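Residue numbers (numbering that gives the first Met the number 0): 0 to 183.
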Amino acid sequence: MMSLAEMPDNELMKMLAGRKSESEAAFREIYARYSQRIYAYCHRVLDYSEESNDIYQDTFVKFFETYKQNLNVSNIRGMLIRIARNLCLNYKRDSKYSIEFDEMKMPVYDKSFDDDELVDLIAKAVKMLDFEHREAFVLRNYEGMSYQEIGEILGQNVSTIRNRVVRAKEKIKEILQPYLEELE
């Protein structure tokens, strides 16, 4: 018999519908398998620690509450990201959450910056992107998803997703240009 860690997503979904002990074990495995990715997604997309933590937790609550309607799901990660995305969009709509380009202040570049500080600069540049571009960029570059997978989750065609990722990279490059020139 294969261990829970070896089971494909569709088998875990079947276990969720089983006895209470099986269901709890399957949910624990799903949580162990995907919680870090969902946490990172929420944190990177919203970059608002308290709310991103709440949304991260709410994602798994909502998943557990609605899994019976989705027992044929074979891509749990996609389903969880879709739930997290909807919760993020609801939060964004309800709170009018946004980071304006002009409001975001980049630190003055210092030639003694190390790699960690450069990573921080890139993270700040990502935060400056509008929600649609940031979301596509995060899913592609941090989550390693294909354009096809992202399109399915976001309900967009592949060319739209590819365009958003390209524009996000262009905007990040534009934001970081003064710092990159200093490196040369």
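Just so it is clear, CB atoms sit at the ideal spot from N, CA and C, and this is done for glycine as well.
Values in this document were obtained by computation on a predicted structure and should not be read as measured data.
Quick one, are the C-beta atoms of Ile75 and Ile29 less than 8 Å apart? Taking the first residue of the sequence shown as position 1, residue 75 is located at position 76. Taking the first residue of the sequence shown as position 1, residue 29 is located at position 30. Contact flag set, yes.
Spatially closest choice to Arg133 from Glu49, Ala167 and Asn162, by CA coordinates: Against the sequence shown, residue 133 aligns to sequence position 134. When C-alpha distances from Arg133 are compared across Glu49, Ala167 and Asn162, the shortest belongs to Ala167.
My assumption, with CB atoms under 8 Å, is that Ala24 sits in contact with Met12. Please give the rounded CB distance. Residue 24 sits at position 25 when you count from the first residue of the sequence shown. Residue 12 sits at position 13 when you count from the first residue of the sequence shown. About 13 Å; that fails the 8 Å criterion.
Span of the alpha helix (DSSP H), counted from its first residue to its last, around Arg139: Within the sequence shown, the letter at position 140 stands for residue 139. Counted as a single uninterrupted DSSP element, the stretch harbouring Arg139 is not any alpha helix (DSSP H), since DSSP gives it neither H nor E.
Alpha carbon to alpha carbon, what distance is there between Tyr178 and Tyr108? Start at 1 with the first residue of the sequence shown, and residue 108 comes out as number 109. Start at 1 with the first residue of the sequence shown, and residue 178 comes out as number 179. With a pLDDT of 43 at Tyr108, under the threshold of 50, the predicted position of this residue should be treated as unreliable, and no value is reported.
Whole angstroms are fine: how far does the CA of Thr58 sit from the CA of Gly150? By 1-based counting over the sequence shown, the position of residue 150 is 151. By 1-based counting over the sequence shown, the position of residue 58 is 59. Taking the straight line from one Cα to the other gives about 20 Å.
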